[in-house]
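First up is the structure itself, then whatever we jot down about it.
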Amino acid sequence: MLIPSHNRPPLLPPKATAIKLFTVGATLGPIVDSLHNQCLLSYDFAPITVSPPPVFADSSASGFTATPLFCSSWAVPPLLGIAYIVLGYILPRIIEVSARNVNTQYSFGSASGDVSTSDKNVVTTEDKRVLQTRAILAVSSTAAIIKLSEFLETHAGMTYHFNNHSFNLDANTNLIIMLLADVLQWISLDRTVIALLAAAVTAVGGPLSELPFVANGFWHYNVDAADYFPLSGTFFESGGIADGIASSLFGEGYSDLALSSITGPCYFAVTLDAIALGRYFDKRTEE
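First residue of the sequence shown? That's 397 in the numbering used here, and the numbers climb one at a time after it.
Written as structure tokens, this is what we have:
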């Protein structure tokens with residue numbers, strides 16, 4: 397059963413909510429993204445690199461190469477600003493109005509608890525504090541998950557021993573660890589079907605959305621991290637329809653366009669924190 401039309405939320409955010417989401421995405425987004433992109437990719441278009449102070453950089457003379465404090469591109473802030481509007485508001489609303497026979501509660505509702513009071517202002521204040529706390533925790537946990545991806549990527553192939561058992565940090569193991577971290581984040585901070593669906597869709601579609609930028613030289617994934625070639629395989633057989641479409645969109649060498657599989661779970665986490673921020677900003681806009 398579809399949500400009654402009079403109860404359906406608008407697909408586009410209020411201006412104030414959109415501005416706040418864009419601002420956070422364009423400022424905080426690149427900082428969080430930089431926690432792992434130094435080991436995953438290199439920026440080719442308008443790169444930004446912030447090096448450590450000279451006192452640390454001088455240590456390179458002794459054979460130690462200082463890692464840049466921040467790496468990004470001038471193209472990233474506006475892209476992430478738009479992404480936060482889409483992920484934090486538009487995509488969840490589209491899923492909400494399209495959902496059938498599922499709990500379409502978008503606000504925290506049961507997740508934040510019910511406040512029994514006749515004073516509407518008290519309820520609003522209570523809800524706002526809960527949403528603010530969850531937004532902060534969502535952003536912090538996303539940063540931790542992205543930092544985890546950097547650790548797993550830089551330690552890929554290493555074998556660890558735990559309780560008489562050993563396991564190797566191969567690509568599949570890393571992906572499982574990241575997915576478990578995502579699920580833990582969702583269970584701890586959200587638990588709504590809408591957010592889960594939005595994050596799952598973005599985990600698949602997010603990496604694919606990078607293909608036009610990789611194809612046009614905005615950035616490229618480093619050899620050690622590039623393990624996902626979505627435009628290769630029998631589906632893109634030479635001379636077929638898919639081959640013709642991909643060639644016209646991405647050029648003849650489209651099958652060599654490489655992404656990193658570990659970015660999928662990162663997109664999942666980013667979606668959850670964008671949704672948490674969207675809820676908080678939207679609540680403040682209503683006041």
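No residue lacks a Cβ here, since even glycine has one placed at the ideal position from N, Cα and C. Note that this is a predicted model, so its numbers are computed, not measured.
The DSSP assignment places complete beta strand (DSSP E) segments of no fewer than 3 residues inside the segment 575–630 at 615–617, in order along the chain. When only Cα atoms are considered, Glu549 and Ser469 end up about 21 Å apart.
Under the three-state reduction of DSSP, Asn568 is assigned to helix. Under the three-state reduction of DSSP, Pro443 is assigned to strand. Of the other Cβ atoms in all chains shown, fewer than 16 fall within 10 Å of the Cβ of Glu648; this residue is therefore exposed. Residue state for Thr555 is assigned as strand, using DSSP reduced to three classes. Arg530 sits close to Asp586, with the two beta carbons spaced by under 9 Å. About 15 Å separates the Cβ atoms of Ser430 and Asn618, ruling out a contact at the 8 Å cut-off. Linking Gly421 to Cys662 through their CA atoms gives a straight-line distance of about 15 Å. Annotation: Ser657 is outside any alpha helix (DSSP H) and is labelled neither H nor E by DSSP.
Look at Leu407 here: in three-state DSSP terms it is coil, with no helix or strand label. By a beta-carbon distance limit of 8 Å, Ala621 contacts Ser656. Their separation comes to about 4 Å. With fewer than three CB-CB distances shorter than 8 Å, the segment 541–548 does not count as touching the segment 628–642.
A check of alpha carbon separations from Ile658 across Leu592, Ala670, Leu604, Arg680 identifies Leu604 as the nearest. Note on geometry: alpha-carbon atoms of Leu673 and Leu527 lie some 8 Å from one another.
Minimum Cα-Cα distance from Asp669 among the listed residues Phe466, Tyr624, Ser634, Ala595 corresponds to Ala595.
Closest by C-alpha distance to Gly601, out of Val482, Thr538, Ala534, Leu580, is Val482. Assigned with DSSP and collapsed to three states, Ser468 falls in strand.
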